[in-house]
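One structure is given here, and the rest of the page talks about it.
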Amino acid sequence: MRLADKKCIPCEDASIPKLSLEEAGELNKEVKGWVLEEKNEHLQISKEFRFKDFKEALEFVNKVGAIAQEQGHHPNLYIIYNKVKVILYTHVIAGLHENDFILAARIDSLS
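First residue of the sequence shown? That's 8 in our numbering, and the numbers climb one at a time after it.
In structure tokens:
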């Protein structure tokens with residue numbers, strides 16, 4: 008099943024296992040353009056999206072917000088005029104979970 012067709016599962020406590028670097032690397036192959044990196048002692052994925060202007064960037068952020076609410080999984084979003092940086096990791100486990108890649112795939116389907 009494609010990642011974009013999956014649904015995020017609730018991750019409400021820290022007992023949920025986080026992905027290893029190798030597991031995250033395999034899933035990262037399925038989401039084009041997302042950068043797998045270690046920041047502040049946890050793995051995360053990020054991607055920058057560019058738009059014509061601030062209005063388009065803001066519209067994109069609102070669409071991402073709707074998907075995030077629907078999935079119950081929320082990214083860090085940064086708007087810099089016509090650019091939006093999306094950072095995904097599962098906060099409760101301070102690392103990556105399959106949910107992060109599901110949300111990345113769903114975000115990619117917007118563009």
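We treat Cβ as the ideally placed atom computed from N, Cα and C, and that holds for glycine.
Residues sharing a beta bridge with residue i, DSSP
| i | result |
| --- | --- |
| Gly102 | Thr97 |
| Glu44 | Gln51 |
| Leu84 | Val93 |
| Phe56 | Val91 |
Exposure label - residue i; buried when at least 16 CB within 10 Å
| i | result |
| --- | --- |
| Tyr85 | exposed |
| Lys46 | exposed |
| Asn35 | buried |
| Ala73 | exposed |
| Ala21 | exposed |
| His98 | exposed |
Check whether residue i and residue j have beta carbons under 8 Å apart
| i | j | result |
| --- | --- | --- |
| Val93 | Pro82 | yes |
| Ile100 | Cys18 | yes |
| Gly102 | Lys25 | yes |
For residue i, the nearest candidate out of the options (CA to CA)
| i | options | result |
| --- | --- | --- |
| Phe108 | Glu19, Ser22, Gln51 and Asp20 | Gln51 |
| Phe61 | His49, Leu95 and Ile87 | Ile87 |
| Glu77 | Met8, Arg9 and Lys13 | Lys13 |
| Tyr96 | His49, Lys59, Glu66 and Gly32 | His49 |
Cβ-Cβ separation, residue j to residue i (assumed contact under 8 Å), whole Å
| i | j | result |
| --- | --- | --- |
| Asn106 | Arg57 | Actually they do not touch by this definition, with Cβ atoms about 25 Å apart. |
| Trp41 | Ser53 | 7 Å |
| Ser116 | Ala11 | 5 Å |
| Ala75 | Leu110 | 7 Å |
| Ile114 | Val68 | Wrong, their Cβ atoms sit about 11 Å apart, outside the cutoff. |
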